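**Q** Take the sequence shown: its position 202, counted from the start at 1, is 201 in numbering that gives the first Met the number 0, and no numbers get skipped.
The beta carbon of each residue, even a glycine, is placed where N, CA and C say it ideally should be.
Small disclaimer: the values here were computed from a predicted structure and weren't measured.
The structure that follows is given in the form of structure tokens.
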Amino acid sequence: MDVSQHYREAWEGFWSATSDMPGEVIWDSDPSLTSVPDTELLLPHADTSLPVADLGCGNGTQTRYLATRFARAIGVDLAHAAIAHARRADSAGVAEFAQLDLVDAEAVAALHKRIGDTNVCMRAVIHQSEPEARPAVAGAVAALLGERGRAFVVEPTPASKDVLQLVAQGPDGPPEKLRRVLAHGLKPASATEEEVRRLLQEAGLAMLAEGTTALAQTEYLPDGTRVGLPSRWFVLAPAERRNGDRR
Ligand SMILES: C[S@@+](CC[C@H](N)C(=O)[O-])C[C@H]1O[C@@H](n2cnc3c(N)ncnc32)[C@H](O)[C@@H]1O
0 MDVSQHYREA
10 WEGFWSATSD
20 MPGEVIWDSD
30 PSLTSVPDTE
40 LLLPHADTSL
50 PVADLGCGNG
60 TQTRYLATRF
70 ARAIGVDLAH
80 AAIAHARRAD
90 SAGVAEFAQL
100 DLVDAEAVAA
110 LHKRIGDTNV
120 CMRAVIHQSE
130 PEARPAVAGA
140 VAALLGERGR
150 AFVVEPTPAS
160 KDVLQLVAQG
170 PDGPPEKLRR
180 VLAHGLKPAS
190 ATEEEVRRLL
200 QEAGLAMLAE
210 GTTALAQTEY
220 LPDGTRVGLP
230 SRWFVLAPAE
240 RRNGDRR
């Protein structure tokens, strides 16, 4: 299976039209607001001598932080243009980047073969994936964990749409950062919390911990407060390993 050409072109177009400027993208927040607290939720469950794979890594801002916490960090993204951004931004070469469609089970299996069991971080990928592709995206998380990996998955919930609507209601309409997302046909927050939980469970993943958070954005509400998208996070293990948390 593969994502549709329309979906692939939407992401390729978005990243091709993006500059290398940090924070130009609405979700490209500094890791201190995102991966730093997220990683604290994963680390108690994870073997950091294993690699970490950042799935749907975009321009790699979070991947570079993850490289400081795990033995090796690999960022993968559907869009070649995103991977080009990520490589340019990683001037110190702390992480590795590769183009990969998470829906392509063969490509995912090849990555697992290459790097072995790996921890996974996946931020905001299922929520805007095409509905028919979502089971494969969840399946990619399970395939990459193998037996020893653990995952942190965080996805905006539909309540995010209300927040984005508030953002769009500024005096000048949707700000440029939000306009760009919508103009490329990307559909944020279209998966429910129940759907995400079910997809992860059906992929053979067990929840070690879960909770709510707000995904910090680089945009501000008309009253000057930073936009945070209501989200749910999960720390996951292969289902049959639930009792042996860390091996
Ligand atoms: C909302 S962005 C989040 C980027 C990054 N995780 C972050 O938090 O900064 C979603 C990313 O997932 C990528 N993506 C979407 N579908 C994908 C797929 N099927 N396989 C791999 N990457 C995908 C997009 O190209 C985009 O870079």
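#1: So, are the CB atoms of P30 and Y64 less than 7 Å apart?
#2: Label E193 either buried or exposed according to how many other C-beta atoms from any shown protein chain fall within 10 Å of its C-beta, with 16 as the threshold for buried.
#3: Please give the ranges of any alpha helix (DSSP H) in the segment 168 to 204, keeping only runs that are unbroken, at least 4 residues long and fully inside the region.
#4: Just the Cα atoms here: how many angstroms apart are Q168 and A142?
#5: Using a Cβ-Cβ cut-off of 8 Å (strictly less than) and excluding sequence neighbours within five positions of R246, which residues of its own chain qualify?
#6: To the nearest angstrom, how far is it from the Cα of V153 to the Cα of W26?
#7: Can you tell me which of the three DSSP states F96 falls into?
#8: Could you spell out the range, first to last residue, of the beta strand (DSSP E) harbouring W232?
#9: Once the 5 residues before and after G12 are set aside, which same chain residues still bring their CB inside 7 Å of it?
#10: Can you have a look at Q216 and say buried or exposed, based on whether 16 or more other CB atoms are within 10 angstroms of its CB?
#11: Ignore the nearest five residues each way along the sequence and tell me which others in Q98's own chain have a CB closer than 6 Å to its CB.
#12: With distances taken from CA atoms, which of R231, N58 and R196 is nearest S18?
#13: By DSSP, does R245 sit in helix, in strand, or in coil?
#14: List the whole-angstrom C-beta distance separating L185 from A16, where the pair is believed to meet the contact cut-off of C-beta under 8 Å.
#15: Return the CA-CA distance between L228 and A132, expressed in angstroms with no decimal places.
#16: Any idea which residues DSSP pairs L77 with across the strands?
#17: Out of P174, F233, P173 and G210, which has the shortest C-alpha to C-alpha gap to L198?
#18: Taking Cβ to Cβ, would you say A236 is nearer than 7 Å to R149?
#19: Put F69 into one of helix, strand or coil per three-state DSSP.
#20: Assuming D37 is part of the alpha helix (DSSP H), what are its boundary residues?
#21: Could you check if R231 belongs to the surroundings of ligand 1, using beta carbon to heavy atom distance under 6 Å?
**A** On the basis of the supplied data:
#1: yes
#2: exposed
#3: 175 to 182 and 192 to 201
#4: 42 Å
#5: Here R246 scores only 44 on pLDDT, less than 50, and its place in the model should not be relied on; the value that follows carries that caveat. Contacts found: D46, E146, R147 and R240.
#6: 13 Å
#7: strand
#8: R225 to P237
#9: H183
#10: buried
#11: H79 and I82
#12: N58
#13: Note that R245 scores a pLDDT of 48, beneath 50, so its modelled location is shaky and nothing firm can be said.
#14: Rounded, the Cβ-Cβ distance is 12 Å, inconsistent with contact.
#15: 23 Å
#16: For L77, which the question treats as bridged, DSSP gives no partner whatsoever.
#17: F233
#18: yes
#19: coil
#20: S34 to L41
#21: no
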